[in-house]
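S.K.:
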Amino acid sequence: MSESLFGIHGTALQLRSQRLALITSNIANAATPGYKARDLDFAAALKARNEGLGTDRAAEKATRYRVPVMPSLDGNTVEMATEQTAFAENAVAYQATLGFLRGRIETLTRALKGE
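Numbering (the numbering used here), first residue to last: 53 to 167.
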């Protein structure tokens with residue numbers, strides 16, 4: 053029912069949240085030797101979700117390892133500048149999606165009130 057009410061925005065919010073979890077995991081493991089940074093290919097996850105996969109499975113299928121610009125000697129591929137940029141980009145997109153959902157909820161509320 054939520055997909056018929058909120059369209060793609062509910063799915064987008066879930067995927068953005070999962071991407072945020074991956075990015076924060078990368079940041080938390082920036083000093084862990086051998087840690088491989090991962091990211092969610094949002095477009096691929098959304099496509100997989102629209103093809104019928106569940107949100108979690110779509111996110112899993114679209115998770116990719118980052119290719120570092122300058123790998124560290126200990127095998128860790130987390131680059132803080134890249135992670136901070138991805139975090140900020142994802143946060144802005146998350147807020148935009150919330151804005152779309154807020155507008156949809158306000159429209160539904162007004163319709164229910166008969167305004």
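Backbone N, C-alpha and C define an ideal beta-carbon position, used for all residues, glycine too. Since the structure is predicted, the reported quantities are computational estimates derived from the model, not experimental observations.
Applying the 10 Å Cβ sphere with the 16-neighbour rule, what's the burial state of T149?
M.R.: Along the sequence shown, one-based indexing puts residue 149 at 97. Buried: at least 16 other Cβ atoms inside 10 Å.
S.K.: Over the uninterrupted alpha helix (DSSP H) stretch that includes T134, give me the two end residues.
M.R.: Position 82 of the sequence shown, counted from the first residue, corresponds to residue 134. Run containing T134: 132 to 165, per the alpha helix (DSSP H) assignment.
S.K.: Output the boundary residues of the beta strand (DSSP E) element that contains T115.
M.R.: What you label residue 115 is simply residue 63 of the sequence shown in a count that begins at 1. Residues 115 to 117.
S.K.: I think N142 touches R71, with their Cβ atoms under 8 Å apart; what is that distance to the nearest whole Å?
M.R.: If you number the sequence shown from 1, residue 142 lands on position 90. If you number the sequence shown from 1, residue 71 lands on position 19. The Cβ separation is near 5 Å, so the contact holds.
S.K.: Less than 8 Å between C-beta atoms, sequence neighbours within five positions excluded: which residues of the same chain meet that for M132?
M.R.: Position 80 of the sequence shown, counted from the first residue, corresponds to residue 132. Once the five neighbours on either side are set aside, the close Cβ partners of M132 are I79, A82.
S.K.: Quick one: what does DSSP say F93 is sitting in, helix, strand or coil?
M.R.: If you number the sequence shown from 1, residue 93 lands on position 41. Per the sequence shown, the amino acid found at residue 93 is Asp instead of Phe. Of the three classes helix, strand and coil, the one that applies to D93 here is coil, per DSSP.
S.K.: Taking the alpha-carbon positions, what's the A112 to G106 distance?
M.R.: Residue numbering aside, residue 112 sits at position 60 when the sequence shown is read from its first letter. Residue numbering aside, residue 106 sits at position 54 when the sequence shown is read from its first letter. Just to set this straight, residue 112 is Glu in the shown sequence, not Ala. Roughly 10 Å between the two C-alpha positions.
S.K.: Measuring CA to CA, which of A145, G155, L160 is closest to R68?
M.R.: Along the sequence shown, read from residue 1 onward, the residue named residue 68 stands at position 16. With distances taken between Cα atoms, R68 lies closest to A145.
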